[in-house]
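Here's the structure, in structure tokens; my notes come after.
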Amino acid sequence: MNENNPAIIRETQNPAEADMIYEILKSNGIDCILLDRNASGQVAGFGPAICIKIAVVPEHREKALEILKSLE
695 MNENNPAIIR ETQNPAEADM IYEILKSNGI DCILLDRNAS GQVAGFGPAI CIKIAVVPEH
755 REKALEILKS LE
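Just so you know, we're using this note's numbering here: the sequence shown kicks off at 695 and counts up by one.
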């Protein structure tokens, strides 16, 4: 993996969960992005076809994972 690529720290099929995690990370000073946010639509009623990926800049990966662990 290129050191400049975002580090994916979580995948979810739930847009509300992705948005919540995004806001929590941003409020803690973590630069993050939601990948595939608009591509996660339903497929014939079977649920999301593509997971939303929550990614952070590599240097914030460990701190972001600690924050996510504290939410469990």
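Beta carbons are placed, not taken as given, at the ideal position from N, Cα and C, and that holds for glycine.
As the structure is a computational prediction, the values presented were derived from the model and not from experiment.
- Put simply, of Ser-721, Ile-715, Asn-722 the residue whose alpha carbon is nearest the alpha carbon of Leu-729 is Ile-715.
- DSSP, reduced to helix, strand and coil, places Glu-705 within a strand of the structure shown.
- For Ile-724, the three-state secondary structure derived from DSSP is coil.
- When DSSP states are grouped into helix, strand and coil, Ile-746 belongs to the strand group.
- Residue burial is scored here from C-beta neighbours: Ala-749 has at least 16 other C-beta atoms within 10 angstroms and is therefore classed as buried.
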